[in-house]
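Read the structure below first, then the notes.
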Amino acid sequence: MIQFEKLLQLREFELDERRRESGKILSEVNFLQDEITRLHEELKSEQKIAAESLEARFLYNEFASSVIRKKEWLMAAIKSKEEEYERAREKVTEAYREMRKAEIIRDDLMEKTKKHEQALEQVELDEIAQNIHRRTSK
Numbered sequence: 058m059i060q061f062e063k064l065l066q067l068r069e070f071e072l073d074e075r076r077r078e079s080g081k082i083l084s085e086v087n088f089l090q091d092e093i094t095r096l097h098e099e100l101k102s103e104q105k106i107a108a109e110s111l112e113a114r115f116l117y118n119e120f121a122s123s124v125i126r127k128k129e130w131l132m133a134a135i136k137s138k139e140e141e142y143e144r145a146r147e148k149v150t151e152a153y154r155e156m157r158k159a160e161i162i163r164d165d166l167m168e169k170t171k172k173h174e175q176a177l178e179q180v181e182l183d184e185i186a187q188n189i190h191r192r193t194s195k
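Using our numbering, the first residue of the sequence shown is number 58, and each one after it goes up by one.
Written as structure tokens, this is what we have:
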């Protein structure tokens, strides 16, 4: 029985690890998406400045090009991380299945053990009842 409890603890630990890994990847995706939002805000700010200054207009084109390159890089990184996240979610699902299998095995074993103990107890009670019956019959 103890070995099944240890197996279950191991499966729960593995599930927690897979969830942590998945959560870490998801937070990385969120960070990258926040970076894209920050780039858009920075671009809008620079557009306002460029609209007000002739000198800034000349520099704006280079800035806008660099923003586009950064955004493309960030989008590629997000796509890669999202694929990694999907693989991590599959690992979470598999770890959950393994944990459930361990729980079912443990529960089945506990039920069988309980039934066996009840059967032994019933045999004992039957034996006591037979002895009482024999004593009162004499």
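No residue lacks a Cβ here, since even glycine has one placed at the ideal position from N, Cα and C. Note that the structure is predicted; figures quoted are calculated from it, not measured.
Thinking residue i and residue j are a contact (beta carbons under 8 angstroms), I'd like their distance in whole angstroms, please.
i, j, result
"Leu89", "Lys138", "7 angstroms"
"Val149", "Ser79", "5 angstroms"
Taking the C-alpha atoms as reference points, what is the distance between residue i and residue j?
i, j, result
"Lys158", "Leu166", "12 angstroms"
"Leu131", "Leu67", "37 angstroms"
"Asp183", "Arg192", "14 angstroms"
"Glu99", "Ala121", "10 angstroms"
"Glu85", "Glu74", "17 angstroms"
In or out: residue i buried (at least 16 other Cβ within 10 Å) or exposed?
i, result
"Val180", "exposed"
"Ile135", "buried"
Is residue i near residue j, with beta carbons less than 7 angstroms apart?
i, j, result
"Met156", "Glu62", "no"
"Leu202", "Tyr153", "Because the chain in this structure spans residues 58 to 195, residue 202 falls outside the shown range and cannot be described."
"Lys145", "Ile82", "The sequence as given places Ala at residue 145; Lys does not occur at that position. Going by C-beta atoms, Ala145 is nearer than 7 angstroms to Ile82."
Looking at the secondary structure, which residues open and close the alpha helix (DSSP H) in which residue i lies?
i, result
"Ser84", "Ile59 to Glu109"
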